[in-house]
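Student: Have a look at this one before I ask anything.
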Amino acid sequence: MILGLVEHDRGELDPLSLEMLTFSRRLAGRLEAPVEAVLVGEEASLPVEELRRYGVSALHSVEHPRLGDYAPEACAESVVQLMAAVEPQVVLASASDRGNEVMAHVAARANLPLAANCIDAEPGEPYFVTRVRWGGSLLEEAHLSGTVKLLTVAEHALSAEESPADAIRHTPFTPVLSDEEFRVQVSARVEPEGDKVSLPTARVVVGGGRGVGSSEAFAPLDELAELLGGAVGCSRAVTGLGWRPHSDQIGQTGTRIAPDLYIACGISGAIQHMVGCKAAKRILVINTDPNAPVLVRADYAVIGDVNEVVPALNAELRKGQAGGAA
Amino acid sequence: MNVLACVKRVPATASRIALTPDEQEIDTRFLAFTVSPHEECAVEEAVRLTEADGGTSTVLTLGPDAAVEQLQDALALGIGRAVLLETDGREWDPAATAGAIVEAVRADAAAGREYDLLLFGNEAADTGDYQVGIRVARALGLPCVTGVKALEIEDRTAIARRELHGGWEVFEVPLPAVVTVKEGINLPRYPSIPGRIRAKKQPIERITPDWPGNSLVKVRLKLPAEEEKHAEILGHGPEAAARVANVLTELGLAR
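The listed protein sequences correspond, in order, to chains A and B.
Just so you know, we're using numbering that gives the first Met the number 0 here: the first sequence kicks off at 0 and counts up by one.
Just so you know, we're using numbering that gives the first Met the number 0 here: the second sequence kicks off at 0 and counts up by one.
In structure tokens form, the structure reads like this:
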């Protein structure tokens with residue numbers, strides 16, 4: 000049996016968990032084993048029917064009065080106790096922040112290896128897994144051993160697909176947890192500011208690199224983003240220079256974006272940056288250097304200085320908007 | 000307060016990765032080496048915390064002799080002491096790495112050097128295993144908060160924040176604790192020239208741990224298949240603006 004740790008927010012399944020379940024089902028097909036799910040949450044809002052549609056034949060819902068706020072060690076200990084009870088061959092989670100965190104705790108507690116950020120897994124002894132390194136710029140093929148195979152599924156390694164199970168059984172599971180497992184638990188949450196277009200969800204992202212030249216020179220990029228209803232991002236070089244806050248950084252150690260169009264201004268195209276904009280549908284590059292590495296990932300390019308091209312483009316767009324309004 | 004920052008030596012990759020012919024490593028003949036970005040911030044955080052509150056700071060790495068370079072970089076920034084867990088250069092998997100760090104921390108404790116805070120990067124830039132800090136915390140019986148982008152210490156409590164969907168979640172844990180940090184928690188300083196000179200003269204403590212074998216075993220590395228595109232050149236300089244605006248309109252993005 001394959002056990003998938005699913006994440007949800009008030010009954011809504013996390014999209015990455017649906018990808019993980021699709022990955023699990025493919026693995027289950029090779030093993031001729033069923034897929035079951037474990038979920039930490041309240042009974043009232045369990046997404047049982049949605050899990051069935053994604054091929055889950057049994058749901059184990061972890062129930063404990065102190066599990067209301069996220070507590071990574073308590074989640075992991077619950078999974079370890081469930082593993083002892085239901086004896087899965089494989090336990091998976093999505094490679095989200097929480098998925099990787101809980102699975103690392105599970106691995107440490109169960110004294111098992113964990114392969115994080117996998118894009119493929121072939122059963123056998125050992126398993127043959129393919130996982131991402133360098134945030135996705137490099138792949139590693141590896142052997143994963145252990146009495147139970149533990150792995151997390153890299154985001155967007157595959158698309159979520161429905162494949163309904165005939166029926167789904169729901170069994171509550173009550174773990175025995177001590178105070179120690181609640182040493183680390185969310186004590187407060189600060190909600191995001193509502194009105195700003197966020198980088199991960201923006202349809203258009205205007206990114207600036209060292210070629211922009213200064214903190215002040217980002218003003219036309221801010222205006223371009225505003226005109227297009229998008230968000231501004233930047234390269235690691237720019238945050239390192241203190242021109243923009245780290246929350247604007249796109250890349251391996253910053254934010255991953257997935258816009259319809261990414262406008263990369265004065266960005267050379269270091270791999271750490273490019274893995275962050277891999278999911279962009281189209282890329283428009285504005286750069287003085289026609290041989291910049293970023294060009295091989297671009298759909299469109301303007302060869303020129305961002306400080307001249309962007310203000311001219313803004314003027315053109317303002318003209319268009321004024322015309323449209325008239 | 001006594002702070003330990005654990006770092007990893009990784010190649011400073013540029014715009015393209017090339018592999019060695021045996022597909023076991025990145026070809027680093029033309030590359031410099033650095034510390035994983037998250038861990039650069041762990042070092043900076045250790046320096047700031049001990050500058051503010053007193054105490055000691057130690058940097059530790061597991062790696063080959065050449066990793067002395069990364070330890071000296073940390074010393075140049077103001078870290079007080081450096082420990083190299085010296086290997087023959089082969090990769091240690093996360094469980095093996097954590098085991099060696101745990102032994103070193105226990106040896107320090109036995110010598111009267113107890114750490115209040117153990118800082119790691121959230122994940123190493125190269126292998127991205129996301130688990131060394133958590134495994135160390137488990138073995139030492141310490142609480143662990145991961146992915147931290149803001150950290151305050153008050154009355155022997157670590158108040159750690161991490162990002163969640165554009166907002167924050169807050170954790171409060173008693174010291175001693177393990178905290179894994181992400182880039183953005185601070186902006187690391189540049190080393191001063193006197194700092195660099197001082198660092199070269201400081202001793203590096205060496206331990207040679209026994210390699211226990213890997214349970215996650217690298218078979219080979221490969222580059223992901225990526226199509227190279229031929230960008231359509233829309234023009235040169237500001238004169239291209241009208242054509243760009245047209246493309247934006249065609250894509251349904253101009254408003």
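For each residue, glycine too, the CB sits at the ideal point set by N, CA and C.
No experiment lies behind these values; they were computed from the predicted model shown.
Let me know if LEU3 (chain B) comes out buried or exposed under the rule of 16 or more other beta-carbons within 10 Å of its beta-carbon.
Tutor: For the purposes of this step, residue 3 (chain B) is taken as residue 4 along the second sequence, with counting starting at 1. So LEU3 (chain B) counts as buried.
Student: Skipping 5 residues on each side, what residues in its chain have a beta carbon closer than 6 Å to that of ASN306 (chain B)?
Tutor: Residue 306 (chain B) is absent from the structure shown; chain B starts at 0 and stops at 254.
Student: What residue from B:VAL58, B:ALA51 and B:ASP92 has the CA that sits closest to GLY218 (chain B)'s CA?
Tutor: As a working note, residue 218 (chain B) is residue 219 in the second sequence. For the record, residue 218 (chain B) in the displayed sequence is Val; it is not Gly. Considering only alpha carbons, the answer is B:ASP92.
Student: Look up HIS272 (chain A) in the DSSP assignment and say whether it is helix, strand or coil.
Tutor: One-based indexing of the first sequence puts residue 272 (chain A) at position 273. It is helical.
Student: Quick check on the burial criterion: 16 or more other C-beta atoms within 10 angstroms. Buried or exposed for ALA311 (chain A)?
Tutor: In the first sequence, counting from the first residue as 1, residue 311 (chain A) sits at position 312. The residue in question, ALA311 (chain A), is buried, as its Cβ has 16 or more Cβ neighbours within 10 Å.
Student: Run through the DSSP bridge pairs and tell me what SER60 (chain A) is partnered with.
Tutor: Here the question's residue 60 (chain A) lines up with position 61 in the first sequence. Paired residues: A:LEU38 and A:PRO171.
Student: Alpha carbon to alpha carbon, how far is GLY234 (chain B) from ASP288 (chain A)?
Tutor: For this step, residue 234 (chain B) is matched to residue 235 along the second sequence. For this step, residue 288 (chain A) is matched to residue 289 along the first sequence. Looking at the two C-alpha atoms, the distance is approximately 13 Å.
Student: Does the distance from the CB of ILE282 (chain A) to the CB of LEU316 (chain A) come in under 9 Å?
Tutor: If you number the first sequence from 1, residue 282 (chain A) lands on position 283. If you number the first sequence from 1, residue 316 (chain A) lands on position 317. For ILE282 (chain A) and LEU316 (chain A), no; Cβs fall outside 9 Å.
Student: By DSSP, does LEU223 (chain A) sit in helix, in strand, or in coil?
Tutor: In the first sequence, the residue the question calls residue 223 (chain A) occupies position 224. Looking at LEU223 (chain A) - three-state DSSP - the assignment turns out to be helix.
Student: How would you list, in chain order, the residues of chain A whose beta-carbon sits under 8 Å from the beta-carbon of GLY166 (chain B)?
Tutor: Within the second sequence, the letter at position 167 stands for residue 166 (chain B). Correct list: ARG188, VAL189, GLU190 and PRO191.
Student: Is there contact here, the stretch 44-52 of chain A with the stretch 69-86 of chain A, by at least three beta-carbon pairs under 8 Å?
Tutor: No, because fewer than three Cβ pairs between the stretch 44-52 of chain A and the stretch 69-86 of chain A fall closer than 8 Å, the two stretches do not touch.
Student: Is it buried or exposed, ASN110 (chain A), if we count other Cβ atoms within 10 angstroms and call 16 or more buried?
Tutor: Translated into the one-based positions of the first sequence, residue 110 (chain A) becomes position 111. Answer is exposed; the Cβ neighbour count stays below 16.
Student: Pull up the CB-CB distance for SER93 (chain A) and MET19 (chain A), whole angstroms please, since I reckon it's below 8 Å.
Tutor: The count along the first sequence starts at 1 and reaches residue 93 (chain A) at position 94. The count along the first sequence starts at 1 and reaches residue 19 (chain A) at position 20. Indeed, because the Cβ distance is near 4 Å, the residues count as touching under 8 Å.
Student: When you compare the CB positions of ARG108 (chain A) and VAL131 (chain A), do they come within less than 9 Å of one another, or not?
Tutor: The residue labelled residue 108 (chain A) in the question sits at position 109 within the first sequence. The residue labelled residue 131 (chain A) in the question sits at position 132 within the first sequence. Contact flag unset, no.
Student: What three-state label does DSSP hand ALA11 (chain B) in the structure shown?
Tutor: Mapped onto the second sequence, residue 11 (chain B) falls at position 12. In the structure shown, ALA11 (chain B) sits in coil (DSSP, three-state: anything other than H, G, I, E or B).
Student: Which of the three DSSP states is assigned to SER328 (chain A) in this structure?
Tutor: Not covered by the structure: residue 328 (chain A). The range shown for chain A is 0 to 325.
Student: Which chain A residues are close to CYS143 (chain B), counting only those with a beta carbon under 7 Å from its beta carbon?
Tutor: Numbered from its first residue, the second sequence carries residue 143 (chain B) at position 144. VAL183, listed in chain order.
Student: Establish whether the CB of ALA236 (chain A) and some CB of chain B are separated by less than 9 Å.
Tutor: Taking the first residue of the first sequence as position 1, residue 236 (chain A) is located at position 237. No, no contact with chain B.
Student: Is the CB of PRO14 (chain A) under 9 Å away from at least one CB in chain B?
Tutor: Within the first sequence, the letter at position 15 stands for residue 14 (chain A). Taking Cβ atoms only, chain B never reaches closer than 9 Å to PRO14 (chain A), which makes this a no.
Student: Go through its chain and collect everything with a Cβ distance to PHE127 (chain A)'s Cβ below 6 Å, but skip five positions before and after it.
Tutor: Sequence index remark: in the first sequence, residue 127 (chain A) carries index 128 (1-based). The residues are GLU121.
Student: Going along chain B, which residues have a C-beta under 7 Å from TYR299 (chain A)?
Tutor: In the first sequence, the residue the question calls residue 299 (chain A) occupies position 300. Under the 7 Å cutoff, chain B gives ALA230, GLU231, LEU233 and VAL246.
Student: Just to check, is the beta-carbon of GLN130 (chain B) closer than 8 Å to a non-hydrogen atom of the ligand NAP?
Tutor: Questions concerning the ligand NAP fall outside what the structure shown contains, since it holds no ligand whatsoever.
Student: Taking buried to mean at least 16 other C-beta atoms within 10 Å of its own C-beta, is ASN290 (chain A) buried or exposed?
Tutor: Mapped onto the first sequence, residue 290 (chain A) falls at position 291. Counting Cβ neighbours within 10 Å, ASN290 (chain A) comes out exposed, since fewer than 16 surround it.
Student: Using a Cβ-Cβ cut-off of 9 Å, state whether VAL293 (chain A) counts as contacting chain B.
Tutor: The residue labelled residue 293 (chain A) in the question sits at position 294 within the first sequence. Yes, VAL293 (chain A) lies at the interface with chain B (some Cβ there is under 9 Å from its Cβ).
Student: Between SER14 (chain B) and chain A, is any beta-carbon pair separated by less than 9 Å?
Tutor: Counting from 1 along the second sequence, the entry for residue 14 (chain B) is found at position 15. Answer yes: the Cβ-Cβ gap between SER14 (chain B) and chain A drops below 9 Å somewhere.
Student: Just mark VAL42 (chain B) as buried or exposed, buried being the case when its beta carbon has 16 or more other beta carbons within 10 Å.
Tutor: Here residue 42 (chain B) refers to the residue found at position 43 of the second sequence. Per the 10 Å Cβ criterion, buried.
Student: Ends of the alpha helix (DSSP H) at PRO93 (chain B)?
Tutor: Here residue 93 (chain B) is taken as the residue at index 94 of the second sequence, counted from 1. Where PRO93 (chain B) is concerned, the enclosing alpha helix (DSSP H) stretches over 93-109.
Student: What residues in its chain sit with their C-beta under 8 Å from that of ALA159 (chain A), if we drop five residues either side in the sequence?
Tutor: Residue numbering aside, residue 159 (chain A) sits at position 160 when the first sequence is read from its first letter. PRO14, LEU17, GLU18, LEU20, THR21 and TYR53, listed in sequence order.
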